[in-house]
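Trainee:
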Amino acid sequence: PWTRQDVADAIAQLPSRKTPGIDHIRAEMLKPLCPLLARVLDNLFRLCWLASWTPSFWRAAQVVPIHKAGSRSDPANFRPISLTSVFRKVFE
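According to the UniProt record's numbering, the sequence shown is numbered sequentially starting from 1.
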């Protein structure tokens, strides 16, 4: 379904300077380790794929309200965003 190079490309294309997920790991932490990490993650992702399983923390998200406009006292003026694991983003 994918190659090790696909995993390396996904790591390289992660946006920098974004808020990390619940694991507190930022894309900037993975990018310097890309050659080694791509091999490890490729193997892990294949095991997950074959077992039809993903670690529970990859499925978890921290939902944070982001203010859109208007009064901050009105909940309708906020939208939710979900902060997910950077590993989940690479896996997807």
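From the three backbone atoms N, C-alpha and C, an ideal C-beta is built for every residue, glycine too.
As the structure is a computational prediction, the values presented were derived from the model and not from experiment.
Taking 8 Å as the cut-off, decide whether the C-beta atoms of residue 8 and residue 34 are in contact.
Mentor: Yes, Cβ-Cβ distance for residue 8 and residue 34 is below 8 Å.
Trainee: In whole angstroms, what separates the C-alpha of residue 57 from that of residue 76?
Mentor: When rounded, the distance between both Cα atoms is 29 Å.
Trainee: At the level of alpha carbons, what is the spacing between residue 90 and residue 31?
Mentor: For residue 90 and residue 31, the distance between alpha carbons rounds to 12 Å.
Trainee: Taking 8 Å as the cut-off, decide whether the C-beta atoms of residue 85 and residue 63 are in contact.
Mentor: Cβ distance not < 8 Å, so residue 85 and residue 63 don't count as in contact.
Trainee: Output the distance between the C-alpha atoms of residue 48 and residue 24, rounded to the nearest integer angstrom.
Mentor: Distance between the alpha carbons of residue 48 and residue 24 is about 22 Å.
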